[in-house]
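Colleague: Numbers in my numbering are just positions in the sequence shown, counted from 1, shifted up by 443.
Please find one structure pasted underneath; my questions will follow.
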Amino acid sequence: MTKKIRTAILISSRGSNMQALVEAAQAADYPAEIVLVGSNRPDAEGLAWADARGLRTLAIDHTRHASREAFETSLQEALEAVDAELVALAGFMRILTAPFVEKWRNRMINIHPSLLPSFRGLHTHEQALAAGVRIAGCTVHFVRPDMDTGPIIAQAAVPVDSCDTPATLGARVLGAEHVLYPAALRLVASGDARCEGDKIFMKQNVNSSLPLYSVTD
Ligand code: GRF
């Protein structure tokens, strides 16, 4: 197998998507290796989980930095110290500046709990329920300076039940995230998905011609 892509994961709290990526990366044929789990919050539960599994972890406390730029300088140093080639944001709740994002252009991916471009920002499940959509889901995309934008690598859909609350819908979407993110990181790290300009090219056409329906009710 060719060299694994050195991947850093950035989190801010629970880190369940980080766990899904770490577990996927244990497979011998997985094309990414996790070289760092970083958090802007020292008390992030996910950091303790990663630490307990012997992963390299680092807290870069944003409250101890005078500015966003100073925080990002520390972050960049941490990424360079482990020779990170790819960054996977997984519930990382800090807005990154345009210069930092550009530095990692097409080398930084994010998971968002909606079918983008619908429902950017926070409270995505509330937004989805308020809009009355029958299908919700999650998206993995390359990061661009505008929040929750960027070329879409992969999406997963789940049905919306008429009795859903933000919590029940969120749990269903989160289950899909844990499957989608490892699959999307595999696509990127293997080179099967690459980004030219703002368009994604897949090595193989993985899309089926079958339509998807929301048929729960
Ligand atoms: C996930 O829903 C992710 O899509 C969003 O923040 C949440 C993080 O959850 N960006 P976790 O920390 O991965 O458990």
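We treat Cβ as the ideally placed atom computed from N, Cα and C, and that holds for glycine.
For the ligand GRF, any of its heavy atoms closer than 6 Å to the Cβ of residue 533?
Modeller: Position 90 of the sequence shown, counting from 1, holds the residue named residue 533. At least one heavy atom of the ligand GRF is nearer than 6 Å to the Cβ of residue 533, so yes.
Colleague: Below 8 Å, can you find three or more Cβ-Cβ pairs linking the region 577-590 to the region 552-566?
Modeller: These segments touch.
Colleague: Could you give the DSSP three-state label for residue 634: helix, strand or coil?
Modeller: By one-based count along the sequence shown, residue 634 stands at place 191. Reduced to three states, the DSSP call for residue 634 is coil.
Colleague: Mind checking residue 538: buried by the 16 CB within 10 Å criterion, or exposed?
Modeller: As a working mapping, residue 538 is identified with position 95 in the sequence shown. Exposed, because fewer than 16 other Cβ atoms sit within 10 Å of the Cβ of residue 538.
Colleague: According to DSSP, what are the bridge partners of residue 598?
Modeller: Start at 1 with the first residue of the sequence shown, and residue 598 comes out as number 155. In the DSSP output, where bridge partners are listed per residue, residue 598 has 582.
Colleague: Is the beta carbon of residue 456 closer than 7 Å to that of residue 487?
Modeller: One-based indexing of the sequence shown puts residue 487 at position 44. One-based indexing of the sequence shown puts residue 456 at position 13. Taking 7 Å as the Cβ cut-off, residue 487 and residue 456 qualify as a contacting pair.
Colleague: In three-state terms, what does DSSP make of residue 481?
Modeller: As a working note, residue 481 is residue 38 in the sequence shown. Looking at residue 481 - three-state DSSP - the assignment turns out to be strand.
Colleague: Is residue 596 near the ligand GRF, going by C-beta to nearest heavy atom under 6 Å?
Modeller: In the sequence shown, the residue the question calls residue 596 occupies position 153. Checking the Cβ of residue 596 against the ligand GRF gives no.
Colleague: Is it buried or exposed for residue 594, if we count other Cβ within 10 angstroms and need 16 for buried?
Modeller: Position 151 of the sequence shown holds residue 594. Label assigned to residue 594: buried.
Colleague: By the DSSP assignment, the alpha helix (DSSP H) with residue 490 in it spans what residues?
Modeller: Within the sequence shown, residue 490 is the residue found at index 47, counting from 1. Residue 490 -> alpha helix (DSSP H) spans 488-495.
Colleague: Should residue 671 be counted as a contact of the ligand GRF given a C-beta to heavy atom distance under 6 Å?
Modeller: Shown here, the chain extends from 444 to 660; a query on residue 671 therefore has no answer.
Colleague: Just to confirm my understanding: we take residue 503, look at its own chain, exclude 5 residues before and 5 after, and list those with CB closer than 7 Å. What are they?
Modeller: On the sequence shown, residue 503 is found 60 positions in, with the first residue counted as 1. Closer than 7 Å at the Cβ level, and outside the excluded window around residue 503, lie 481, 483, 514, 517, 518 and 521.
Colleague: From residue 508 to residue 628, what distance separates their C-alpha atoms?
Modeller: As a working mapping, residue 508 is identified with position 65 in the sequence shown. As a working mapping, residue 628 is identified with position 185 in the sequence shown. So the alpha carbons of these two residues sit roughly 30 Å apart.
Colleague: Is residue 549 near the ligand GRF, going by C-beta to nearest heavy atom under 6 Å?
Modeller: As a first step, residue 549 must be located in the sequence shown, where it is residue number 106. Answer for residue 549: no, Cβ out of range of the ligand GRF.
Colleague: From which residue to which residue does the alpha helix (DSSP H) around residue 567 run?
Modeller: In the sequence shown, the residue the question calls residue 567 occupies position 124. Run containing residue 567: 567-574, per the alpha helix (DSSP H) assignment.
Colleague: Decide yes or no for the touch test of the region 446-455 against the region 608-623: beta carbon pairs closer than 8 Å, at least 3 of them.
Modeller: The region 446-455 vs the region 608-623: no contact.
Colleague: Are the Cβ atoms of residue 461 and residue 533 separated by less than 7 Å?
Modeller: Within the sequence shown, numbered from 1, the residue matching residue 461 stands at position 18. Within the sequence shown, numbered from 1, the residue matching residue 533 stands at position 90. Result yes, Cβ atoms of residue 461 and residue 533 sit closer than 7 Å.
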